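A.B. asks:
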Amino acid sequence: MAEVKKGKGMGLTTQIFIGLFLGIIFGYVFPQYGQQLKPVGDMFIRMIKMIVVPLIFSSLIMGIAGTGDFKKLGRLGAKAIIWFEVATTAALIVGLAVVNIFKPGVGVSVSGVDAGAAAAAAKKSIDMMQMVVNIVPTNIVDAMARGDMLQIVFFSTFFGVAAAAMGPTGEPVVKLAHSVAEIMFKFTWYVMKLAPIGVFALIAFTVGKFGLGMLIPLAKLILSLYLALLLFIFVVLMGASAILRVNFFHLMRAIKEPILIAFSTASSEAALPLAMEKLEKFGVPKHIVTFVLPTGYTFNLDGSTLYSALAVVFIAQVYGVPFELPQQLLMVLTLMLSTKGIAAVPGASLIVIAGTVAAFGLPVEGVAIILGVDRILDMGRTVCNLIGNCVAAVVVARWEKELPDEVLQVAYSRSYDD
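According to UniProt numbering, numbering within the sequence shown proceeds without interruption in unit steps and concludes at 418.
1) For a test of the three-state rule: what should DSSP assign to ILE216, helix, strand or coil?
2) Is the Cβ-Cβ distance between LEU225 and VAL98 less than 9 Å?
3) Determine whether the beta carbon atoms of LEU55 and LEU310 lie at a separation below 9 Å.
4) Looking only at its chain, what residues have a beta carbon closer than 6 Å to the beta carbon of PRO294, apart from the 5 residues adjacent to it on each side?
5) May I ask you to report which of helix, strand or coil DSSP gives PRO346?
6) Measuring alpha carbon to alpha carbon, tell me which residue in VAL173, GLY355, GLN409, LEU20 is nearest PHE200.
7) Classify TYR416 as buried or exposed, calling it buried when 16 or more other Cβ atoms lie within 10 Å of its own Cβ.
8) Should TYR190 be labelled buried (16 or more other beta-carbon atoms within 10 Å of its own) or exposed?
9) Please report the straight-line C-alpha distance between SER58 and PRO258, rounded to a whole angstrom.
10) Buried or exposed for LYS71, please, with buried defined as at least 16 other CB atoms from any protein chain shown within 10 angstroms of its CB.
11) On a CA-only basis, which of ILE81, ARG381, GLY11 is nearest LEU350? Give me that one, please.
12) Mind the definition here: the region 325–341 touches the region 379–395 only if three or more C-beta pairs lie below 8 Å; say whether that holds.
13) Please determine, among ALA65, VAL284, ALA271, ALA275, the residue with the shortest C-alpha to C-alpha distance to LEU176.
14) Out of ASP374, GLU171, PHE299, PHE234, point me to the one whose CA is closest to VAL132's CA.
15) Give the secondary structure of TYR319 by DSSP, where H, G and I count as helix, E and B as strand, and everything else as coil.
16) Can you round the beta-carbon distance between ALA271 and ALA262 to whole angstroms, since I take them to be within the 8 Å contact cut?
17) Would the beta-carbon of LEU231 fall within 9 Å of that of PHE102?
18) Taking 9 Å as the CB-CB cut-off, is LEU150 touching chain B?
19) Are LEU251 and VAL108 closer than 9 Å when you measure CB to CB?
20) What three-state label does DSSP hand VAL113 in the structure shown?
21) Would DSSP call ALA266 helix, strand or coil?
22) Give me, in chain order, the residues of the same chain whose beta-carbon lies closer than 6 Å to that of PRO31; leave out the 5 immediate sequence neighbours on both sides.
23) Identify whether GLN32 lies in helix, strand or coil by the three-state DSSP scheme.
24) How should GLY239 be labelled, buried or exposed, when 16 other C-beta atoms within 10 angstroms of its C-beta is the threshold for buried?
25) Residues in its own chain within less than 7 Å of SER304 by CB, not counting five upstream and five downstream?
26) To the nearest angstrom, how far is the alpha carbon of ILE216 from that of ASP302?
27) Leaving aside the five residues before and after ALA90 along the sequence, list all residues of the same chain whose C-beta is less than 6 Å from its C-beta, in chain order.
28) Please state the DSSP three-state secondary structure of ASP142.
29) Beta-carbon within less than 7 Å of GLN327's beta-carbon, same chain only, minus the 5 sequence neighbours each way: which residues are those?
30) Given a threshold of 16 other Cβ atoms within 10 Å of its Cβ, counted over all protein chains shown, does TYR33 qualify as buried or as exposed?
31) For GLU257, name the three-state secondary structure that DSSP assigns.
32) Quick one, which of THR169, TYR307, ARG375 has its alpha-carbon nearest VAL332's?
33) So, with DSSP's three-state summary, where would you put LEU223?
34) Among residues of its own chain, excluding the 5 on either side of LEU37, which ones have a beta-carbon nearer than 6 Å to its beta-carbon?
35) Hey, out of ILE233, ALA316, VAL364, MET276, whose CA is closest to ASN100's CA?
36) What number of angstroms, rounded off, separates the C-alpha of LEU244 from the C-alpha of PRO363?
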């Protein structure tokens, strides 16, 4: 794998952080010009997204064909799904606990909200059976064009198994996949050089369009969500890491750059290529990284799941609608299924929230209240999504005994500075 080389001067993490800080200042001082930087930020995200499909496809083929063990693949999938369910259930519980204790919706004014966008979101729904059917692609080229991660993983998995079963006949394809994966990691390194500029533009646009003043009326909601996300990360995820004897803070140090990318872009997918590279450098085997992370973007969006539970109860509190614990528990069961359909793109959680609000007879226009600060909320929950999936890869690797203590000791002794 092509590694990010160390160079003289400040590291990439420092550059990204500076870009983030300067973007906030620029967007606040020059809001009109900040909004005009949106195309620059969009181009950066598009450059990252164009890496994702060939990287996932080639890496999965290389990893699966390298093992050639269909039983092992099934075992990996089962363990990943078990952990995903444990993590998302814990996320829902944390979200419910925080929103019931701090009651961020009490006292929030509902005057002057635009219910149009909320109503439009409520009309969209997630058909669970259709989602299951849609896992199987009818046209893999179309799936790649749309960036449908689960369909790509499904096809790549079977393709990799078939390539392994072909023996010598399949070797040229496997070698090609290996070359493509290495090239895409090098490609990622080039694109990441532009990350500070992309981050600056995206944050300047966000602050320029929405302003910092929007945070004041809903500060309690923002603080409640970020508190819940931090509790989930440092209690659930760090607790799981401690049980597995993995130093959580070393892992966070390893993925600090993907975290900054996820926060500034509010897109889990944008941080995927760099997260994969950093996890492999940390010691997680390639075939686990390439299987768990893409699958997790459909089944393990912990931050989005937590936010969905918190937001629904928040809306009930805003309107003073009684929403007792039995109803909340039923909502949790509903969200355990419906959040599996959330795409890893900015703002998709609103569809699930609006649908759940409507299903439980709560005012759908309440979704419009959080639209103004959704970008700020999205940035936090995207970071949680990313960290959750990185921890999931480590959990599965340790569960499979493919990340032994001696590998971790080597990982801990390395420097993850640029």
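Beta carbons: idealized from backbone N, C-alpha and C, even for Gly.
Quick caveat: nothing in here was measured; it's all calculated off a predicted structure.
C.D. replies: Looking at the atomic coordinates:
1) coil
2) yes
3) no
4) ILE56, MET149, VAL153, listed in sequence order.
5) Note on PRO346: pLDDT 48, under 50, position unreliable in the model; the coordinate value appears next. If DSSP states are grouped into helix, strand and coil, PRO346 belongs with coil.
6) LEU20
7) Summary for TYR416: the model assigns pLDDT 49, below 50, so the residue's position carries little reliability; its value from the coordinates is reported in the next sentence. Label assigned to TYR416: buried.
8) exposed
9) Going from the Cα of SER58 to the Cα of PRO258 covers about 21 Å.
10) exposed
11) ARG381
12) no
13) ALA65
14) PHE299
15) Taken through DSSP and simplified to helix, strand or coil, TYR319 comes out as coil.
16) Between the beta-carbon of ALA271 and that of ALA262 there is about 4 Å, and that keeps the pair under the 8 Å contact cut.
17) no
18) Absent from the structure is chain B; it holds one protein chain and no more.
19) no
20) With a pLDDT of 49 at VAL113, under the threshold of 50, the modelled position of that residue is not reliable, and no figure is offered here.
21) coil
22) GLY208
23) helix
24) exposed
25) Residues of the same chain with a CB within less than 7 Å of the CB of SER304, apart from the 5 flanking positions on each side, are THR339, ILE342, SER349, ARG381, ASN385 in chain order.
26) 26 Å
27) VAL236
28) helix
29) PHE360
30) exposed
31) In the three-state reduction of the DSSP assignment, GLU257 falls in the helix class, which pools H, G and I.
32) TYR307
33) Correct three-state label for LEU223: helix.
34) ALA201, ALA204, PHE205
35) ALA316
36) 44 Å
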